[in-house]
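**Student:**
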Amino acid sequence: MGDIVLFILMYIGKGLSKQHRGLEASPLLKLRGLGRQIMLDLATLESTLQVYLQQCYPAMIRQRYHLFLAKGGPEYPHLPEQSLLTHILNGIFGLARLIRFLLEQRVSLPGLDESALRRAFALYTLHEIHKLPMVDRIGPSEFAIPLERLQQEYERLDLRTFADLDAHLIRMANVHKRSPHQGDLLLTATEGAPLLRVLVRLADAMASATSLDEAASSLRNWLKHLGPEFAPNTGRFALYWHQLRDVRGVLTNIIHQVVAKRLENTYHFYPLLFFSTGLLYIAPCLSHRQNFDRHTFIDHAVSDILKSLVSSGDPRVMAREGLRRQKYDFESYTYTFTDVPNLLD
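Take 2 as the starting number for the sequence shown in the working numbering and just add one per residue.
1. Between the C-alpha atoms of N292 and N234, what's the straight-line distance to the nearest angstrom?
2. Mind checking G92: buried by the 16 CB within 10 Å criterion, or exposed?
3. Quick check on the burial criterion: 16 or more other C-beta atoms within 10 angstroms. Buried or exposed for P78?
4. For a test of the three-state rule: what should DSSP assign to L70, helix, strand or coil?
5. Could you tell me which of A44, H296 and T49 sits nearest to T162, measuring between CA atoms?
6. Who are G279's beta bridge partners in DSSP?
7. Suppose the cutoff is 8 Å on Cβ atoms and the five residues either side in sequence are ignored; what does the same chain contact list for I62 look like?
8. Pull up the distance between the alpha-carbon of L224 and that of L200, whole angstroms please.
9. Classify S27: buried if its beta carbon has 16 or more other beta carbons within 10 angstroms, exposed otherwise.
10. Around the Cβ of T126, are there at least 16 other Cβ atoms within 10 angstroms (buried) or fewer (exposed)?
11. With a threshold of 16 other CB atoms inside 10 Å of the CB of L220, please say whether the residue is buried or exposed.
12. Can you round the beta-carbon distance between L196 and L99 to whole angstroms, since I take them to be within the 8 Å contact cut?
13. In its own chain, which residues sit with a C-beta less than 6 Å from the C-beta of L264, not counting the 5 before and 5 after it?
14. Let's see if you can read the secondary structure: which residues bound the beta strand (DSSP E) around D42?
15. Skipping 5 residues on each side, what residues in its chain have a beta carbon closer than 6 Å to that of R157?
16. Would you mind reading off the limits of the alpha helix (DSSP H) that contains G95?
17. Decide if D165 is buried, meaning its Cβ has at least 16 other Cβ atoms within 10 Å, or exposed.
18. Within the chosen definition, does the stretch 273–292 reach the stretch 227–242 through at least 3 CB pairs nearer than 8 Å?
19. For the structure I just gave you, are there three or more beta carbon pairs, one from the stretch 96–116 and one from the stretch 203–213, closer than 8 Å?
20. Since V108 is in the alpha helix (DSSP H), which residue starts that stretch and which ends it?
21. Looking only at DSSP bridge pairs, what is A284 linked to?
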């Protein structure tokens, strides 16, 4: 996903900035407990993301995160190369899109407020410390990093003023699911640590995926920890994707746009991740949609694609470009974009 950072940034910026400026009109995530109500809205999500980019992005550049590999290289030769900076930004934008979906769908996540959002962003930023060069370890595990070193990186990236973290919480975010070293989850004094761990792993799954099916499989394993709304087979929401196996430049982009627009507008599919071959969506389960017909959808999509192609160019130019000089007739595709009067002219 290293090549899609800017596209995700533009997409989420467009969605948050233009559509959800007002606090009063924004959907809210609510937690009822201990006599108080904690709320997170779309405006807070936008402002938090902006503060993160303004404060933490320059700090990562100063610490040369764009020069260190998170994926690829000698340690991961089977994966395409991805810098730490790209990996972190992809995960942050992906997590922000997922939380935006939760807000719009009014899905309640107990414990998710602005403070938790900031902690999740900060923890994910620090989750690959073990891949930095010159990191001393106190044991055989790659995650056996002294707490003092974790705190040092926390300070270097200017995260102390962004989110309040303890060292055990930082190391908890570093330890992957496959590792048996999970003790820091019990040692941290931070309320809501299990939720933060799930959010970090979701961000990491989105940033690490190299294909649509890999992304869907990995995300399903973590989404189910958010609650019954995402339970496999019985939950309210599920993951879907469309994929084009034959990538052909501009035409491929037009098909992606048309398919995504129709799925979003007609069936409320929410674009979550963007790949060159397709899009991954999160949406209400299709089993709850009795009116979805595959053949009808394809017919409408083809019609929309042809309309888009026809409207994108001057018919007279199309006729001129499609003329075969030697035989004085036209390429077969020409008739898709123009009519007989234009051809005769």
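Don't be surprised by glycine CBs; every beta carbon is placed ideally from N, CA and C.
**Tutor:** On the basis of the data shown:
1. 19 Å
2. buried
3. exposed
4. strand
5. T49
6. Q244 and F276
7. L86
8. 9 Å
9. Per-residue confidence for S27 stands at a pLDDT of 43, beneath the threshold of 50, marking its modelled position as unreliable; the derived number appears in the next sentence. The residue is buried, with at least 16 neighbouring Cβ atoms inside 10 Å.
10. buried
11. buried
12. So it is not a contact: roughly 13 Å between Cβ atoms.
13. F270
14. R37 to D42
15. Q64
16. L85 to E105
17. exposed
18. yes
19. yes
20. Taken as a continuous stretch (DSSP letters only), V108 belongs to no alpha helix (DSSP H), as it is neither H nor E.
21. A239
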